[in-house]
Structure formats: C-alpha cells, structure tokens
Amino acid sequence: MPIEVFVSEKELKIADSAVKVAQELIKKGYQEKQVVQKVKKIIKKINIPFSAKDAYIAARIRLKAKEKFGILAERLFFDESGYRYSTPSIVAEYRADRIKCGVADVSCGAGMQLAFFGFKGFSEGVEIDKKRAFLAAMNVQSLNSNATVYWGDAFEFKTSMEIVFSDPARPESEEVRTLSSLKPNPLKLIERFSKKQFVFELPPQMPPERVNIEGEKEYTSLSFRLNRLALYTGELGSCDVSAVSLPSRERVTSDDEKLKLRKGRVGDTIAEVDRTVTHSGLLENLAGKLGLEAEIIHSDGRRTLLSVRNVVESAFLRYYEVIFTANSISECAKELKKEGAGKATIRFQISPNKYWELRKKLEKDLKGEKKFHIFKIGDLFVGCLPHSGTNFVQ
Ligand SMILES: C[S@@+](CC[C@H](N)C(=O)[O-])C[C@H]1O[C@@H](n2cnc3c(N)ncnc32)[C@H](O)[C@@H]1O
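The sequence shown begins at 2 in this note's numbering and counts up by one.
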C-alpha cells in the first residue's frame with residue numbers, strides 16, 4: 002500500500018539552502034567533489050532521502066531550468082530523469098486549467114503537473130520511485146500547492162478523487178510507440194480504477210487512429226512544436242481530436258467545419274503549418290475555422306507549406322513573403338546577395354552532414370542584414386522573409 006511522504010518545513014528549508022549553496026559554488030567554478038563535501042555539512046541535519054550529491058544535481062538543474070519553469074525554477078528540486086520528463090509549467094498550467102479540479106496523479110514523477118493540479122483543488126500523487134516521491138513532496142510544498150504525495154505503486158493506490166491522471170514513463174526510444182510499453186499501462190489503469198474518468202499523457206508520435214481508448218485526443222504544440230498528446234475520457238472530452246497551441250491556447254478541433262485544400266503553386270505568401278495540426282489530421286478543419294484561402298504546395302510528413310491569398314493570424318501558421326525563386330543553388334546564392342541577405346536558414350530536408358556545407362555556400366560573401374528562409378518546392382528554391390504583418394516568432 003502506498004505510504005504518505007512527509008517533509009517538514011525545516012527539512013525543506015535546509016534542503017533548499019543546501020541547493021542554493023551548491024549553486025553558488027558551481028557558479029564560482031568548484032568541481033562536483035568539492036561542492037558535495039561543502040554541502041554535506043548542511044544536509045546532514047535532515048532525515049529525508051536527499052543527499053549532498055542530490056543537492057549538487059538539483060543545483061545544476063536549477064541553473065538550466067528557467068527555460069522550462071521560469072521564475073519557479075529557483076524553488077524546485079529535481080533529479081536528472083525527474084527533470085527530463087517533468088511537464089513544462091506552460092503545459093502543466095494549461096492541463097490543470099482544462100481539468101479545473103483536483104485529481105489523483107498516479108505516476109507523478111517529481112510532481113510538476115501534480116503541483117499545478119493542486120493549485121486548482123486538493124490533489125493526490127503517487128510515485129513508485131522513493132527518491133522521486135520525496136522530490137515531488139518537496140516541490141508541491143515549496144510551491145504551496147494543495148497536494149499530498151504517496152510513495153508506492155499506482156495499482157495499489159486507493160483514492161476518492163473522481164479523476165485519475167497519468168503521465169506514464171516510456172522507453173527512451175521505440176520504433177513504433179505503443180500503449181503497452183507505458184508504465185503504468187493506461188489500459189490496466191482503466192481496469193483498476195474502473196469507475197473513474199481519466200486523463201492520460203500519451204506519446205505524441207501516435208496518430209489519432211492508433212489510440213485505441215475512447216475519448217478526446219488533444220495534441221499540444223509548444224512554441225510551434227508537437228509536444229504532447231493528452232487523452233480525456235468520458236465527459237472530460239469535448240470532441241474526437243483537437244490541437245492546442247501554447248502559450249496562446251488557440252484551439253482547432255475535428256468539429257470545426259472542414260475546408261478542402263487543393264494542390265497549387267507558389268504565390269506571394271507562404272504559410273508553414275505547425276506539424277501538430279497535420280499530425281492530428283486537422284489541417285482542413287483549421288483552414289475552415291480561419292476561412293483560409295490557400296493551396297497546398299508541399300507536404301512531406303515533417304513540413305507542410307501552403308500558398309495563401311489571405312493572411313489570417315493563427316498560432317498554428319507562420320507566414321513568409323516570397324522574395325525570389327531560383328532553379329539552382331548557385332542562382333539562389335546570387336539572389337540572396339542581390340536582396341541584401343545576411344543569413345539563409347535552410348528549411349527543407351537535407352542530411353545533417355550536408356547542412357553546413359550548403360549553408361556556407363549560400364551565405365558566402367553575404368554582407369546584408371536580412372535573414373532569409375530557403376524552402377524547396379519540387380525543384381524550385383524559394384527565398385522568403387518572415388511576413389511583416391504577423392507576429393512571426395522563431
Ligand atoms: C513521465 S514521469 C511523470 C512526470 C510528471 N508528470 C511531472 O510533470 O513531473 C512518469 C513517472 O511514472 C513513474 N511510474 C512508473 N510506473 C509507476 C507505477 N506503477 N506507479 C507509480 N508511479 C509509476 C515513474 O517512476 C516516473 O517517475
């Protein structure tokens with residue numbers, strides 16, 4: 002039976018000051034061994050599984066965690082794997098806002114998503130790894146979140162919460178992502194907690210048709226990149242498939258009326274489509290929702306480009322103005338020079354070892370300021386600049 006993890010205020014304070022001291026020493030250039038030695042004196046007063054080495058690791062992670070957790074980073078405790086698989090705060094906040102109430106998070110890791118659930122209402126978390134269960138307890142406490150953490154196995158956990166959430170552990174790599182390799186296995190959790198409603202974080206690489214659990218499949222884009230797939234069962238879902246772009250929270254769903262997109266040719270304006278939309282099969286729904294007058298000019302699974310006649314602001318689209326087209330790389334290089342380019346980012350598939358060779362060729366002798374993007378449509382090279390009328394964020 003999972004047992005409640007308890008961290009006293011005093012222990013949390015001591016652990017925090019140990020991490021802060023370690024951060025200062027790392028910044029001054031001290032090596033791991035020296036930092037651990039110095040921190041040992043502080044940490045020996047606590048009775049939780051958080052060693053001087055753990056404080057050193059947590060300190061190193063705090064120094065880089067701003068990108069994922071903003072100002073919260075300075076109050077958090079992680080081990081390497083807990084940090085790597087932790088939910089970024091923008092996503093965690095969105096997920097908690099959408100579910101709106103407290104939940105049982107039955108694979109809570111270092112507790113980041115759990116902490117955000119706790120901001121919405123009392124929540125419970127279970128984690129099978131003892132050290133990480135303590136990190137989760139430290140994090141929820143440090144963030145003043147209304148959550149309790151248990152150390153143990155999800156399948157032995159009893160909860161009165163109505164909603165069960167799980168962001169399961171997955172193998173680092175797999176040829177084809179499946180539900181059966183997830184731990185805890187969502188299908189078995191449904192059996193175990195048969196009367197509850199569920200939200201699962203599944204591998205986003207899985208297309209909608211491969212998710213064989215009934216519910217809304219919501220693909221999340223974080224800064225124009227496919228980041229997550231959440232499945233909401235029962236009344237928690239509102240359609241079959243959806244995509245949401247963060248941080249803007251713009252949504253498109255399979256209920257949005259479709260607009261058929263035909264194939265076409267390069268015009269004056271190109272829109273690059275967030276892969277989250279194409280992967281979830283919602284491109285025509287997005288076109289319908291936005292009233293987009295567009296044609297598909299390129300689609301290769303990784304990148305979809307449209308030629309558009311009307312520019313409609315959307316977080317799922319990045320617009321470019323077409324400045325020139327060229328039939329060869331040398332012609333492209335000439336055009337770049339003529340147009341006052343300083344940089345040329347290659348936006349088509351090319352093997353990584355050829356990328357810099359080509360980029361050097363294109364950027365040779367460029368003295369201008371403009372940052373061009375080079376697409377390849379069929380055999381044509383297309384030189385573009387970010388569209389001036391839109392919030393183009395790279
Ligand atoms: C992807 S992490 C969760 C990250 C978390 N959502 C966050 O935001 O920090 C998955 C966690 O599930 C835990 N886990 C795997 N099987 C479990 C089980 N049977 N019971 C409880 N936890 C389990 C793993 O140890 C791992 O820490």
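Backbone N, C-alpha and C define an ideal beta-carbon position, used for all residues, glycine too.
Which listed residue (the options) has its alpha carbon closest to that of residue i
| i | options | result |
| --- | --- | --- |
| residue 1 | 282, 316, 286, 266 | Within the shown structure, residues of the chain are numbered from 2 to 395, placing residue 1 beyond reach of any answer. |
| residue 154 | 178, 319, 184 | 184 |
| residue 383 | 352, 358, 332, 390 | 332 |
| residue 57 | 370, 16, 248, 207 | 16 |
| residue 189 | 102, 33, 156 | 156 |
| residue 203 | 213, 194, 195 | 213 |
| residue 217 | 389, 208, 363, 88 | 208 |
| residue 251 | 314, 197, 261 | 314 |
| residue 341 | 385, 354, 350 | 385 |
| residue 330 | 343, 321, 317, 358 | 358 |
| residue 274 | 268, 287, 264 | 287 |
| residue 44 | 31, 348, 21 | 21 |
| residue 4 | 18, 128, 31 | 128 |
| residue 249 | 23, 344, 87, 91 | 91 |
| residue 307 | 283, 316, 270, 353 | 270 |
| residue 319 | 378, 238, 374, 78 | 374 |
| residue 63 | 42, 28, 97, 380 | 28 |
| residue 197 | 223, 226, 176, 166 | 166 |
| residue 296 | 321, 268, 276 | 268 |
| residue 168 | 194, 345, 86, 369 | 86 |
| residue 51 | 139, 301, 260 | 139 |
| residue 255 | 247, 264, 283 | 283 |
Residues bridged to residue i [DSSP beta-bridge criterion]
| i | result |
| --- | --- |
| residue 265 | Residue 265 is not bridged to any residue. |
| residue 202 | 231 |
| residue 128 | 152 |
| residue 304 | According to DSSP, which records beta bridges pairwise, residue 304 is partnered with nothing at all. |
| residue 374 | 346, 385 |
| residue 260 | Bridge partners of residue 260: none, in fact. |
| residue 252 | 245 |
| residue 272 | 307, 320 |
| residue 325 | 384 |
| residue 167 | 201 |
| residue 184 | 170 |
| residue 218 | 232, 242 |
Contact test: residue i Cβ vs ligand 1 heavy atom, cutoff 6 Å
| i | result |
| --- | --- |
| residue 387 | no |
| residue 113 | yes |
| residue 149 | no |
| residue 170 | yes |
| residue 65 | no |
| residue 86 | yes |
| residue 71 | no |
| residue 131 | no |
| residue 184 | yes |
| residue 108 | yes |
| residue 59 | no |
| residue 155 | yes |
| residue 128 | yes |
Rounded C-alpha distance that separates residue i from residue j
| i | j | result |
| --- | --- | --- |
| residue 131 | residue 105 | 18 Å |
| residue 366 | residue 228 | 38 Å |
| residue 116 | residue 191 | 23 Å |
| residue 387 | residue 100 | 36 Å |
| residue 123 | residue 148 | 6 Å |
| residue 181 | residue 187 | 8 Å |
| residue 257 | residue 281 | 13 Å |
| residue 13 | residue 81 | 19 Å |
| residue 278 | residue 133 | 34 Å |
| residue 7 | residue 119 | 16 Å |
| residue 112 | residue 2 | 20 Å |
| residue 231 | residue 272 | 27 Å |
| residue 159 | residue 93 | 24 Å |
| residue 24 | residue 65 | 11 Å |
| residue 89 | residue 95 | 10 Å |
| residue 336 | residue 206 | 38 Å |
| residue 199 | residue 253 | 22 Å |
| residue 380 | residue 305 | 16 Å |
| residue 70 | residue 339 | 43 Å |
| residue 125 | residue 150 | 6 Å |
| residue 347 | residue 236 | 45 Å |
| residue 60 | residue 376 | 42 Å |
| residue 361 | residue 378 | 21 Å |
| residue 262 | residue 299 | 12 Å |
| residue 226 | residue 302 | 14 Å |
| residue 136 | residue 34 | 22 Å |
(request) Would you check if there are 3 or more beta carbon pairs closer than 8 Å linking the segment 288 to 303 to the segment 320 to 336? (result) no
(message) Would you call the segment 243 to 252 in contact with the segment 160 to 172, where contact means no fewer than 3 C-beta pairs closer than 8 Å?
(response) no
(message) Check whether the segment 33 to 42 and the segment 84 to 104 touch, using three or more Cβ-Cβ pairs below 8 Å as the test.
(response) no
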